[in-house]
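Q:
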Amino acid sequence: IAASLLDLGFKKYDRLAVWLPNTSENVTISYAASKLGLIKVNINPAYVERELQYCINKVGCKAKAVPTLKHVILTGEKTFVPNVYSYEDLLRRGAQLSHKNLIERQASIDPDTPVEIFYTSGTTGQPKAATLTNFGIYNLILSQRKLFGQSFTRLCVPIPMFHIFSEMAGVLNAAVAPCHLTFPAVLPDTIATMRAIHEEKCTALIGAPIIFRDILTHPDRKKYDLSSLIFGLSGASSMHVDFLRQLEKE
Numbered sequence: 001i002a003a004s005l006l007d008l009g010f011k012k013y014d015r016l017a018v019w020l021p022n023t024s025e026n027v028t029i030s031y032a033a034s035k036l037g038l039i040k041v042n043i044n045p046a047y048v049e050r051e052l053q054y055c056i057n058k059v060g061c062k063a064k065a066v067p068t069l070k071h072v073i074l075t076g077e078k079t080f081v082p083n084v085y086s087y088e089d090l091l092r093r094g095a096q097l098s099h100k101n102l103i104e105r106q107a108s109i110d111p112d113t114p115v116e117i118f119y120t121s122g123t124t125g126q127p128k129a130a131t132l133t134n135f136g137i138y139n140l141i142l143s144q145r146k147l148f149g150q151s152f153t154r155l156c157v158p159i160p161m162f163h164i165f166s167e168m169a170g171v172l173n174a175a176v177a178p179c180h181l182t183f184p185a186v187l188p189d190t191i192a193t194m195r196a197i198h199e200e201k202c203t204a205l206i207g208a209p210i211i212f213r214d215i216l217t218h219p220d221r222k223k224y225d226l227s228s229l230i231f232g233l234s235g236a237s238s239m240h241v242d243f244l245r246q247l248e249k250e
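For what it's worth, UniProt numbering labels the leading residue of the sequence shown as 1, then goes sequentially.
(1) Per the DSSP calculation, residue 40 is bridged to which residue(s)?
(2) Let me check understanding here. Comparing Cα to Cα, which of 239, 93 and 215 lies closest to residue 250?
(3) Using the C-alpha atoms, what's the distance from residue 53 back to residue 17?
(4) Quick check on the DSSP output: the alpha helix (DSSP H) that includes residue 198 runs from which residue to which?
(5) Provide the residue(s) that pair with residue 133 in DSSP beta bridges, ordered along the chain.
(6) Assuming residue 30 contacts residue 233 (C-beta within less than 8 Å), just tell me the rounded distance between them.
(7) Comparing alpha-carbon positions, which option in 62, 158 and 200 lies nearest residue 190?
(8) Are the beta-carbon atoms belonging to residue 192 and residue 99 less than 8 Å from one another?
(9) Using a Cβ-Cβ cutoff of less than 8 Å, which residues in the same chain neighbour residue 251 once the five nearest sequence positions on both sides are dropped?
(10) Under the assumption that residue 144 contacts residue 135 (Cβ atoms under 8 Å), give the Cβ distance between them as a whole number of angstroms.
(11) Give me the Cα-Cα distance between residue 115 and residue 33, rounded to the nearest whole angstrom.
(12) Check each candidate in 185, 133 and 140 and name the one with the smallest Cα separation from residue 156.
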């Protein structure tokens, strides 16, 4: 994927908007963009047209990755859509290219290069674009791995990837040490999350308090073996101390 994007003319610091749910393609794009010095712009896939337009224009995105397009209507004389590629197109293209230029580009990336943009929630106005660097991300995930150790080797990641919590505490952990990542579903799904923990023997679950609450209160919880979990990492909102004690107990 990285070789294909380079061949298509993407330059360092170009913004690549990603409007995808939790998919393997989303994960791959995170790493491919970092190889090239592109800035991945993470956009909530639930945004409507007005919100999407704002996010793209705010930072000047050069391209956008989307899950599907049903129709493209052209109003000009052209009857084809230029510069539209499927993910499979990029895979095939990249497999046929020499990676010499890719290696040279990757060697030119320095630690302070911006690598991702996350939008704030917008509770105090329009969402703000927060930029993260390679150095900042690497230090965070390396610190996490040293702090949490073996409990972070098999992660269940039900939270959406447009959220910084998912990307930093989940996806990018594989950059510093072997890590098994499980995304239960493309969208939040309590049954899918419990099934993923049961089948993949996940050792850690990361998510907002509501995810833990929904598991604890779900009528089918006893149908799944969640005993492999030894660690839970929660954030994004406050958690009452009584609920925390319940989590520790159950």
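Glycine is no exception: its CB is placed at the ideal position from the N, C-alpha and C atoms.
A: This is what the structure holds:
(1) 16 and 116
(2) 215
(3) 11 Å
(4) 190-200
(5) 114
(6) About 19 Å separates the two Cβ atoms, so there is no contact after all.
(7) 158
(8) no
(9) This structure cannot settle anything about residue 251, because the visible part of the chain is limited to 1 through 250.
(10) In fact, because the Cβ distance is near 15 Å, the residues do not count as touching under 8 Å.
(11) 7 Å
(12) 185
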